[in-house]
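Comments concern the structure below.
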Ligand code: A3P
């Protein structure tokens with residue numbers, strides 16, 4: 044992180060500084076293809092994990108095919124400006140099927156996704172672990188502000204001042220779409236509990252034919268350990284590191300990869316306050332999370 048960073052404020056949401064209003068118009072109008080696959084998350088919810096699972100499924104679990112390219116090239120980050128390139132401007136020329144990663148709120152995403160075109164896999168994570176993960180990520184990533192303390196970061200996370208804006212607004216926007224046939228809503232904790240079952244769900248949703256052997260390979264190649272040690276997925280010297288977006292001397296993307304790490308950061312008081320806030324936001328919606 045860099046404590047001098049300013050965010051781009053758009054419709055009440057803090058977004059990365061490289062975005063401008065015309066980009067947001069182009070994003071809304073982006074032409075979706077029927078076979079597009081969007082992986083959409085609030086940051087730190089398991090985005091990279093899903094990128095890996097979907098890439099492997101796309102190539103029948105064959106790592107000699109997935110690993111010809113860095114994962115972030117295979118599944119580009121839709122709205123991120125990296126060096127001089129920004130995927131949503133280049134994807135119109137890309138061959139199908141396009142695999143795309145995005146952190147957009149539902150109300151800022153391409154309109155055609157909501158109209159049922161293309162496919163969206165949304166991944167959500169319990170907000171306590173997510174806040175801890177995002178806190179640490181702020182040191183690694185140079186385009187977001189360095190937190191001065193965990194306490195201060197937690198306040199900004201809950202008030203929605205952090206980059207990407209209010210978590211509950213993001214997750215509830217996409218939760219509203221969960222019954223649309225072109226949307227699959229997954230949870231990080233379920234992926235941890237039974238990866239195989241979730242991988243099967245993804246394959247079925249995408250209607251890509253798979254055998255049990257393919258599923259085995261996908262599960263094996265998408266473990267935390269394998270992703271953390273694979274230079275095509277671990278982001279240590281990937282495109283974001285090369286562009287200076289990640290400062291690998293300040294942290295590691297593959298940090299812990301567990302459920303319940305929030306306990307090492309939240310005081311009892313912070314935990315109570317946080318639970319009350321999210322109970323108020325999520326309670327009436329039927330969306331629940333496992334916290335351990
Ligand atoms: P932690 O910081 O808690 O370790 P995203 O890809 O959305 O940025 O999310 C990153 C978080 O997902 C990090 O969480 C990272 O360790 C975790 N993660 C990435 N790949 C994973 C995997 N294969 N299994 C479990 N967790 C994974």
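Residue numbers (UniProt numbering): 44 to 335. Built from N, CA and C at the ideal position, the CB exists for glycine as well.
Supposed close pair residue i, residue j - CB separation, criterion 8 angstroms
| i | j | result |
| --- | --- | --- |
| residue 210 | residue 173 | 7 angstroms |
| residue 164 | residue 214 | With a Cβ gap of about 14 angstroms, residue 164 and residue 214 do not count as contacting. |
| residue 82 | residue 118 | 7 angstroms |
| residue 166 | residue 120 | The Cβ separation is near 15 angstroms, so there is no contact. |
| residue 186 | residue 288 | 6 angstroms |
| residue 168 | residue 88 | 4 angstroms |
| residue 229 | residue 241 | 6 angstroms |
| residue 43 | residue 113 | No answer is possible for residue 43: it lies beyond the span of the chain, which begins at 44 and ends at 335. |
| residue 317 | residue 201 | 7 angstroms |
Straight-line gap, residue i to residue j (C-alpha atoms, nearest Å)
| i | j | result |
| --- | --- | --- |
| residue 190 | residue 115 | 26 angstroms |
| residue 170 | residue 250 | 30 angstroms |
| residue 50 | residue 70 | 18 angstroms |
| residue 238 | residue 110 | 21 angstroms |
| residue 334 | residue 77 | 36 angstroms |
| residue 80 | residue 313 | 38 angstroms |
| residue 329 | residue 322 | 11 angstroms |
| residue 325 | residue 331 | 8 angstroms |
| residue 100 | residue 300 | 21 angstroms |
| residue 55 | residue 149 | 14 angstroms |
| residue 52 | residue 140 | 32 angstroms |
| residue 233 | residue 302 | 10 angstroms |
| residue 286 | residue 269 | 24 angstroms |
| residue 59 | residue 179 | 17 angstroms |
| residue 347 | residue 126 | For residue 347 there is no data in the structure shown, the boundaries of the chain being 44 and 335. |
| residue 290 | residue 177 | 15 angstroms |
| residue 252 | residue 227 | 17 angstroms |
Residue i burial status per 10 Å Cβ neighbour count (16 or more: buried)
| i | result |
| --- | --- |
| residue 272 | exposed |
| residue 63 | exposed |
| residue 74 | exposed |
| residue 276 | buried |
| residue 135 | exposed |
| residue 315 | exposed |
| residue 138 | exposed |
| residue 224 | exposed |
| residue 154 | exposed |
| residue 130 | buried |
| residue 263 | exposed |
| residue 65 | exposed |
Would you call the region 288-296 in contact with the region 155-163, where contact means no fewer than 3 C-beta pairs closer than 8 angstroms? As far as the Cβ criterion goes, the region 288-296 does not touch the region 155-163, which means the pair count is below three.
Using 8 angstroms as the cut-off, can you tell me whether the region 132-145 makes contact with the region 296-311, which would need three or more C-beta pairs spanning the two stretches below that distance? The region 132-145 is not in contact with the region 296-311.
Are the region 91-108 and the region 187-207 touching by the rule of at least three beta carbon pairs closer than 8 angstroms? With a cut-off of 8 angstroms, the region 187-207 and the region 91-108 do not count as touching, because too few Cβ pairs lie within range.
Within 8 angstroms, do at least three Cβ pairs link the region 193-207 to the region 255-263? Not touching, per the Cβ criterion.
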